[in-house]
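**Student:**
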Ligand code: PEP
Ligand code: MG
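In our numbering, the protein residues as written are 133 to 507.
1. If you follow the alpha helix (DSSP H) that residue 470 is part of, which residue opens it and which one closes it?
2. Leaving out the 5 sequence neighbours to the left and right, which residues in its chain are closer than 7 Å to residue 140 when beta-carbon positions are compared?
3. Judging by CA-CA distance, which residue of 366, 279, 368, 305 is the nearest neighbour of residue 328?
4. Classify residue 297 as buried or exposed, calling it buried when 16 or more other Cβ atoms lie within 10 Å of its own Cβ.
5. Which residues does DSSP list as the beta-bridge partners of residue 140?
6. Determine whether the beta carbon atoms of residue 269 and residue 334 lie at a separation below 9 Å.
7. Could you pull out every unbroken alpha helix (DSSP H) segment of at least 4 residues lying fully inside the region 178 to 234, listed in chain order?
8. Does the Cβ of residue 545 lie closer than 8 Å to at least one heavy atom of the ligand PEP?
9. Identify, in the order they occur along the chain, each residue of the same chain with its Cβ nearer than 6 Å to the Cβ of residue 324, setting aside the five sequence neighbours on each side.
10. As a quick exercise: from 397, 152, 293, 240, pick the residue whose alpha carbon is nearest that of residue 473.
11. So, at 8 Å on beta carbons, what are the nonlocal neighbours of residue 193 in its own chain, with the 5 sequence-adjacent residues on each side left out?
12. Going by alpha carbons, who is nearest to residue 359 out of 382, 374, 377, 350?
13. My understanding is that residue 485 touches residue 340, with C-beta atoms under 8 Å, so please give their C-beta distance in whole angstroms.
14. So is residue 410 buried or exposed if we call it buried at 16+ other beta carbons inside 10 Å?
15. Identify whether residue 423 lies in helix, strand or coil by the three-state DSSP scheme.
16. Can you tell me whether DSSP reads residue 283 as helix, strand or coil?
17. Give the range of the alpha helix (DSSP H) segment to which residue 434 is assigned.
18. Kindly indicate which residue of 153, 277, 177, 256 has the alpha-carbon position closest to the one of residue 223.
19. Going by the C-beta, is residue 170 closer than 8 Å to any heavy atom of the ligand PEP?
20. For the putative contact between residue 250 and residue 337, defined by C-beta atoms under 8 Å, what is the C-beta separation to the nearest angstrom?
21. Could you pull the DSSP bridge partners for residue 394 from this structure?
22. What do you get for residue 354, buried or exposed, if any count of 16 or more other CB atoms within 10 angstroms of its CB means buried?
23. If we count Cβ pairs, one from each stretch, closer than 8 Å, do we get three or more for the region 208 to 220 versus the region 428 to 442?
24. Among 134, 145, 133, 136, which residue has its Cα nearest to the Cα of residue 459?
25. Less than 7 Å between C-beta atoms, sequence neighbours within five positions excluded: which residues of the same chain meet that for residue 133?
26. Run through the DSSP bridge pairs and tell me what residue 372 is partnered with.
27. On the three-state DSSP scale, how would you describe residue 240?
28. In terms of alpha-carbon separation, which member of 252, 373, 206, 361 lies closest to residue 317?
29. Straight-line CA distance for residue 456 to residue 313?
30. Along the beta strand (DSSP E) that carries residue 381, what are the first and last residues, could you check?
31. Per DSSP, residue 133 is paired with what?
32. Using 10 angstroms around the beta-carbon of residue 176, count the other beta-carbons present and answer buried if the total reaches 16, otherwise exposed.
33. Going straight from the alpha carbon of residue 402 to that of residue 168, what length do you get?
34. With distance defined between alpha-carbon atoms, name the residue in 397, 149, 229, 272 nearest to residue 375.
35. Do you know offhand how far residue 394's Cα is from residue 404's?
36. Have a look at the DSSP bridge pairing and note the partners of residue 418.
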């Protein structure tokens with residue numbers, strides 16, 4: 133049994149140059165990420181300085197010399213999220229998790245497949261209406277090979293876009309950006325994905341384009357009704373053999389998700405803003421989705437995140453551990469994906485995103501008989 137001997141919180145910068153919370157417990161760190169296309173049902177944040185001040189005054193007093201027990205600490209943090217926000221809570225909870233991880237040398241050996249954002253838009257920046265065009269190297273037999281396939285495809289797409297004369301940039305998630313029609317982009321990407329052994333996925337982040345009960349596609353200046361949106365998503369799944377579609381419908385439209393799943397049983401129809409890592413919402417989504425994004429800072433603590441993962445597994449929903457668009461070099465979610473056997477981790481490809489990938493590469497290297505998850 134180890135006690136909390138020191139606890140301190142400070143402001144640090146995230147990848148968008150915004151302040152975020154870093155907590156340090158017995159010298160071990162945890163930092164909060166931040167979303168841009170946040171779901172309405174996420175636990176709210178508070179300004180980083182407010183969270184740090186509360187942790188350094190009140191939480192320090194309450195927690196010092198108490199046992200480092202994840203469940204106990206998280207139980208207290210859960211009731212303090214009104215004061216420290218999901219950002220203060222997750223930074224503290226991550227620091228506890230990372231401390232316990234550093235003390236325990238037993239490791240799981242089944243690694244998640246990376247799901248990387250190769251081309252982006254929406255709330256993360258870029259002309260594309262779709263927030264994320266994703267690649268999953270499903271044919272890879274090892275984690276390093278998966279990373280190789282995904283990055284080869286990333287570099288090839290970048291080159292092809294440049295070769296046709298486009299100016300190629302990078303957005304908040306390190307995904308490529310260019311001014312090109314979405315279907316044209318998909319037509320270029322499909323053969324690249326195929327010959328690199330990658331399947332294509334999309335995060336449509338449909339709540340971001342939902343206006344007056346319709347879905348607005350700004351590139352085409354076109355509104356789609358709910359039925360038209362469902363038809364469009366079904367068409368994309370068929371045409372590009374999508375293995376994964378995240379948030380295809382607005383965040384409260386459980387039946388819309390269900391309708392898409394009913395016609396596409398082999399595709400992972402994934403909730404993010406729909407479910408917000410919240411067990412109450414997961415219960416509502418059972419049989420309506422077959423995959424769910426797991427973002428610890430949507431709910432506030434590691435223990436609540438683990439409850440969400442367990443409920444997913446019990447109800448045949450594939451958990452997909454995920455980063456946020458605002459990130460730090462904190463790699464807790466990479467450790468959690470391994471620890472709690474999430475078969476997929478969505479953590480980007482380039483830029484600051486490599487912190488999570490590199491942690492999994494290190495862990496793969498150190499594991500005696502590592503193997504890839506079944507997806
Ligand atoms: C997402 O929607 O899956 C995402 C990572 O975006 P954000 O962190 O901006 O919510
Ligand atoms: Mg999403």
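Cβ atoms here follow ideal geometry from the backbone N, Cα and C, with glycine treated the same way.
**Tutor:** According to the structure data:
1. Within the chain shown, residue 470 is the residue found at index 338, counting from 1. Looking at the DSSP string, the run of the alpha helix (DSSP H) that includes residue 470 is 464 to 471.
2. Within the chain shown, residue 140 is the residue found at index 8, counting from 1. The answer, listed in chain order, is 156, 188.
3. Residue mapping note: residue 328 aligns to position 196 of the chain shown, counting from 1. When only C-alpha atoms are compared, the closest one is 279.
4. Here the question's residue 297 lines up with position 165 in the chain shown. Its Cβ having fewer than 16 others within 10 Å, residue 297 is exposed.
5. Here the question's residue 140 lines up with position 8 in the chain shown. Looking at the DSSP assignment, residue 140 forms a beta bridge with 156.
6. Counting from one through the chain shown, the residue named residue 269 turns up at place 137. Counting from one through the chain shown, the residue named residue 334 turns up at place 202. Not closer than 9 Å, so no.
7. 180 to 186, 192 to 195, 202 to 210
8. The first residue shown for the chain is 133 and the last is 507, placing residue 545 beyond what the model contains.
9. Working through the chain shown from its first residue, we reach residue 324 at position 192. Contacts found: 285, 288, 289.
10. In the chain shown, counting from the first residue as 1, residue 473 sits at position 341. Measuring from the Cα of residue 473, the nearest candidate turns out to be 240.
11. Stepping through the chain shown from its first residue, residue 193 is reached at position 61. Answer for residue 193: no residue qualifies.
12. Here the question's residue 359 lines up with position 227 in the chain shown. Comparing Cα-Cα distances from residue 359 to each of 382, 374, 377, 350, the minimum goes to 382.
13. What you label residue 485 is simply residue 353 of the chain shown in a count that begins at 1. What you label residue 340 is simply residue 208 of the chain shown in a count that begins at 1. Not confirmed; about 20 Å, so no contact.
14. What you label residue 410 is simply residue 278 of the chain shown in a count that begins at 1. It is buried - the Cβ of residue 410 has at least 16 other Cβ atoms within 10 Å.
15. Position 291 of the chain shown, counted from the start, is the residue given in the question as residue 423. Here residue 423 sits in strand by DSSP.
16. Taking the first residue of the chain shown as position 1, residue 283 is located at position 151. DSSP places residue 283 within a helical segment (H, G or I) once states are collapsed to three.
17. Mapped onto the chain shown, residue 434 falls at position 302. Unbroken alpha helix (DSSP H) run through residue 434: 434 to 446.
18. Locating residue 223 in the chain shown gives position 91, where the first residue counts as 1. Nearest to residue 223 by C-alpha distance, out of 153, 277, 177, 256, is 153.
19. Mapped onto the chain shown, residue 170 falls at position 38. Yes.
20. Indexing the chain shown from 1 puts residue 250 at position 118. Indexing the chain shown from 1 puts residue 337 at position 205. The Cβ separation is near 16 Å, so there is no contact.
21. Numbered from its first residue, the chain shown carries residue 394 at position 262. DSSP, once it has assigned bridges, lists no residue as partnering residue 394.
22. Position 222 of the chain shown holds residue 354. Exposed: under 16 other Cβ atoms inside 10 Å.
23. yes
24. Your numbering for residue 459 matches position 327 in the chain shown. Among 134, 145, 133, 136, the Cα nearest to that of residue 459 is on 145.
25. The count along the chain shown starts at 1 and reaches residue 133 at position 1. Contacts found: 199.
26. Taking the chain shown and counting its residues from 1, the one referred to as residue 372 is at position 240. None; residue 372 has no bridge partner.
27. Along the chain shown, one-based indexing puts residue 240 at 108. Of the three classes helix, strand and coil, the one that applies to residue 240 here is coil, per DSSP.
28. If you number the chain shown from 1, residue 317 lands on position 185. With distances taken between Cα atoms, residue 317 lies closest to 252.
29. Taking the first residue of the chain shown as 1, we reach residue 456 at position 324. Taking the first residue of the chain shown as 1, we reach residue 313 at position 181. So the alpha carbons of these two residues sit roughly 25 Å apart.
30. Here residue 381 refers to the residue found at position 249 of the chain shown. Run containing residue 381: none; DSSP gives neither H nor E here.
31. Within the chain shown, residue 133 is the residue found at index 1, counting from 1. Bridge partners of residue 133: none, in fact.
32. Here residue 176 is taken as the residue at index 44 of the chain shown, counted from 1. Looking at its Cβ environment, which holds fewer than 16 other Cβ atoms inside 10 Å, residue 176 is exposed.
33. Taking the chain shown and counting its residues from 1, the one referred to as residue 402 is at position 270. Taking the chain shown and counting its residues from 1, the one referred to as residue 168 is at position 36. When rounded, the distance between both Cα atoms is 18 Å.
34. Residue 375 sits at position 243 when you count from the first residue of the chain shown. Taking only the C-alpha atoms, the option nearest residue 375 is 397.
35. Start at 1 with the first residue of the chain shown, and residue 394 comes out as number 262. Start at 1 with the first residue of the chain shown, and residue 404 comes out as number 272. Between residue 394 and residue 404, the C-alpha separation is close to 19 Å.
36. As a working mapping, residue 418 is identified with position 286 in the chain shown. For residue 418, which the question treats as bridged, DSSP gives the partners 421.
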